[in-house]
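Just below is one structure, and these are the notes that go with it.
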Amino acid sequence: MAMATNAKLSPATGDILLMVGTVKGAFIFLSDRRRGDFKMSGPHFAGQSVWSAAFIGNGAPRIVVGNKSNHWGAMVSWSDDFGATWNEPTEGNIKFPKGSGESLNAVWALEAATALGPEVVLAGVDPAAMFRSEDRGETFRLNEALFNHSDRPKWNPGFGGLCLHSILVHPQEPKRMYAAISSGGIYRTDDGGDSWTACVNGLRVHPDVPGATLCPHKLRFDAENPSRMYLQNHPGVYRTDNEARSWVTIENGLPSDFGFPMVAHPRRGGSIYTFPLISDEFRVPRDGSPRVWRSRDAGASWEALGKGLPDREGFFTVLRDAFSADTLDPVGLYFGTRGGQLYGSNDEGESWRAIAEFLPPILCVKTAIVD
Amino acid sequence: MRVHIPSALRRWTGGRDVVELPLAADMRMTAAEVIDALAREHPGIRDRVLDEQGELRRHVNIFIDGENARFAGGLKARVGADSEMWIHPALSGGAHD
Numbered sequence: 001m002a003m004a005t006n007a008k009l010s011p012a013t014g015d016i017l018l019m020v021g022t023v024k025g026a027f028i029f030l031s032d033r034r035r036g037d038f039k040m041s042g043p044h045f046a047g048q049s050v051w052s053a054a055f056i057g058n059g060a061p062r063i064v065v066g067n068k069s070n071h072w073g074a075m076v077s078w079s080d081d082f083g084a085t086w087n088e089p090t091e092g093n094i095k096f097p098k099g100s101g102e103s104l105n106a107v108w109a110l111e112a113a114t115a116l117g118p119e120v121v122l123a124g125v126d127p128a129a130m131f132r133s134e135d136r137g138e139t140f141r142l143n144e145a146l147f148n149h150s151d152r153p154k155w156n157p158g159f160g161g162l163c164l165h166s167i168l169v170h171p172q173e174p175k176r177m178y179a180a181i182s183s184g185g186i187y188r189t190d191d192g193g194d195s196w197t198a199c200v201n202g203l204r205v206h207p208d209v210p211g212a213t214l215c216p217h218k219l220r221f222d223a224e225n226p227s228r229m230y231l232q233n234h235p236g237v238y239r240t241d242n243e244a245r246s247w248v249t250i251e252n253g254l255p256s257d258f259g260f261p262m263v264a265h266p267r268r269g270g271s272i273y274t275f276p277l278i279s280d281e282f283r284v285p286r287d288g289s290p291r292v293w294r295s296r297d298a299g300a301s302w303e304a305l306g307k308g309l310p311d312r313e314g315f316f317t318v319l320r321d322a323f324s325a326d327t328l329d330p331v332g333l334y335f336g337t338r339g340g341q342l343y344g345s346n347d348e349g350e351s352w353r354a355i356a357e358f359l360p361p362i363l364c365v366k367t368a369i370v371d
Numbered sequence: 372m373r374v375h376i377p378s379a380l381r382r383w384t385g386g387r388d389v390v391e392l393p394l395a396a397d398m399r400m401t402a403a404e405v406i407d408a409l410a411r412e413h414p415g416i417r418d419r420v421l422d423e424q425g426e427l428r429r430h431v432n433i434f435i436d437g438e439n440a441r442f443a444g445g446l447k448a449r450v451g452a453d454s455e456m457w458i459h460p461a462l463s464g465g466a467h468d
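If you read the sequences in order, they're chains A and B. Letter by letter, the first sequence follows residues 1 to 371 of the working numbering. Letter by letter, the second sequence follows residues 372 to 468 of the working numbering.
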């Protein structure tokens, strides 16, 4: 794979898109399904941070992003022509109620929730809340039940803020959804968001003292069994087999229990990927040797995948939303670093190469196949 | 009075760098009322200057006749018919630059 070149994008059906949000803008990468040669466009929203992105297909392609100006605020913007032009809402489209005392800091998660409807987009934000759009990301409405949850006074912002970063919608029973909050916990609704229940039985907290707040970092469904999920927690890596009613630790075999992302194979149940860092106190790969770790048995055992990654002097961090899989066969994996490198694998993680090396610090990497 | 618009917000004023708001000679307004009046003509301005609770965004400054409004009553700072008001991105820097 050659290094990406900057170009106007002309996607065709079946092409793969990488939507990369950084602290200085968004970059869009496009390749045909061979993934040999990525073209890049960007920066979009130059000078703004782009925390989240999603692709809405259904015959009318749209990219939505959560962009933030440190001066002028955060919002959701969209492009219907793969980034050639952008629509920024005249008035803010994610707002907390007047009198609530809260104001939007950043949009951490955007998910095209097709199980809920072809036009539905869900947003997770800082301060922790979920918003729902019925019009492909143009306007949003607050989920009041989670915003007013009785646990809210116990939630605590981490270094990154008080963010709702993971939103999972059960593919067959879409009234069942999960939301993960740092630091706050994991919440499940079985009634489409009218009520939410904490699902943290078995998780340990950081710091591990009574009364401290739980800090999940990234939550993903198993590809074949949505009762099963995987979690990179602040301390610990976990699996649930019963819709988050209880959690078991699966970190045995990993070099550490700390990290941010968790990625699941899109088709093969039990196959997951993490990017371990040394510890909460030192958030870099062990020995300066970054490795993706894979389990193919739902966390019972792990193997390091590092071909093509630095063997030494690789002290970069991968943030929770900066690691994604595509849906091609074999699956492609992509992660972005706080050092501005974008790595890709065309062979399910066996080998890696840089797609871009000198981007601004990367906040999110999302993939989509153009339909 | 005249409101000076920073370059980043001129897309919301049709490219104008100054917007004139006619005020009677003896009339006074608050900075908040100026932003309201400005936003009636140019609705993209309000949410970029103020957050949803109506507070001036942390990294936005308003200067009125050469004085930072933060030290002159904030959004309650007063302007008159001859006032010049600047909306300006704060010169902020730090960890995430």
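Just so it is clear, CB atoms sit at the ideal spot from N, CA and C, and this is done for glycine as well.
- By the neighbour-count criterion, in which 16 or more other beta carbons inside 10 Å mark a residue as buried, A:G66 falls on the buried side.
- DSSP places A:E144 inside the alpha helix (DSSP H), whose first and last residues are E144 to F147.
- Contact of B:G415 with chain A by beta-carbon distance below 8 Å involves T90 and E91.
- Spanning the alpha carbons of A:Q48 and A:Y178 requires a straight line of approximately 29 Å.
- In its chain, beyond the 5 residues on either side, V120, L122, F140, R141 and N143 have a beta carbon closer than 7 Å to the beta carbon of A:R132.
- Taking a cut-off of 8 Å on C-beta distances, the region 392–406 of chain B does not touch the region 357–368 of chain A, as fewer than three cross pairs fall below it.
- Counting along the chain, no alpha helix (DSSP H) covers B:I433; the unbroken beta strand (DSSP E) around it starts and ends at V431 to I435.
- Listed along chain A, the residues sitting closer than 8 Å to B:A379 by beta-carbon distance are S69, H71 and W72.
- Cβ neighbours of A:G288 within its own chain (closer than 6 Å, five residues either side excluded): R312, E313, G314 and F315.
- Sequence-ordered contacts of the region 426–456 of chain B with chain A read E426, R428, H430 and V431 [C-beta pairs closer than 8 Å].
- With a threshold of 7 Å between beta carbons, A:F275 makes no contact with chain B.
- Using a CB distance cut-off of 7 Å, B:R419 counts as an interface residue toward chain A.
- When DSSP states are grouped into helix, strand and coil, A:V205 belongs to the coil group.
- When rounded, the separation of the alpha-carbon atoms in B:F442 and B:E426 is 15 Å.
- Using a Cβ-Cβ distance cut-off of 8 Å, the region 426–436 of chain B and the region 449–462 of chain B are in contact, since at least three pairs of beta carbons, one from each stretch, lie closer than that value.
- Nearest to B:G444 by alpha-carbon distance, out of B:P414, B:D453 and B:N432, is B:N432.
- Annotation: the region 27–63 of chain A contains no complete segment of the alpha helix (DSSP H) (minimum length 4 residues).
- Between A:D126 and the set A:A106, A:R353, A:D329 and A:R62, the nearest pair of CA atoms involves A:A106.
- Residue pairing by DSSP places A:S133 opposite A:V121 in a beta bridge.
- Measuring C-alpha to C-alpha distances from A:R268 to each of A:G259, A:T249, A:D297 and A:R291 identifies A:D297 as the nearest.
- The beta carbon of A:T85 is closer than 8 Å to those of S79 in its chain, skipping five residues each way along the sequence.
- Secondary structure remark: continuous beta strand (DSSP E) runs of at least 3 residues inside the region 240–290 of chain A, in chain order: 258–264 and 272–277.
- Here the alpha carbons of A:A54 and A:L214 stand approximately 27 Å from one another.
- Of all residues in the region 387–401 of chain B, none is placed with a Cβ closer than 9 Å to any Cβ belonging to chain A.
- Straight-line spacing of the CA atoms in A:P61 and A:F82 works out to 8 Å.
- Taking a 10 Å sphere around the C-beta of B:H375, we find fewer than 16 other C-beta atoms and assign the residue as exposed.
- With respect to chain A, the C-beta atom of B:D407 has no partner C-beta closer than 7 Å.
- Closer than 9 Å at the C-beta level to chain B, one finds these residues of the region 95–110 of chain A: K95, F96, P97, K98, G99, S100, G101, E102, S103 and L104.
- Shown here for A:G137: same chain residues with a beta carbon closer than 6 Å to its own, the five before and five after excluded, namely V64, V76, W78 and V121 in chain order.
- Per the coordinates, the alpha-carbon of A:F260 lies some 30 Å from the alpha-carbon of A:G117.
- The C-beta of B:E404 comes no closer than 7 Å to any C-beta of chain A.
- The region 221–231 of chain A makes contact with the region 241–253 of chain A; the number of CB pairs closer than 8 Å reaches 3 or more.
- Interface residue (Cβ-Cβ distance to chain A less than 7 Å): B:E412 is not classified as such.
- Each of A:G59, A:D326 and A:A145 was checked against the Cα of A:T197, and the nearest Cα belongs to A:A145.
- Here A:A223 is near A:A264, since their CB atoms are less than 7 Å apart.
- Only exposed fits B:D453, as fewer than 16 other CB atoms lie within 10 angstroms of its CB.
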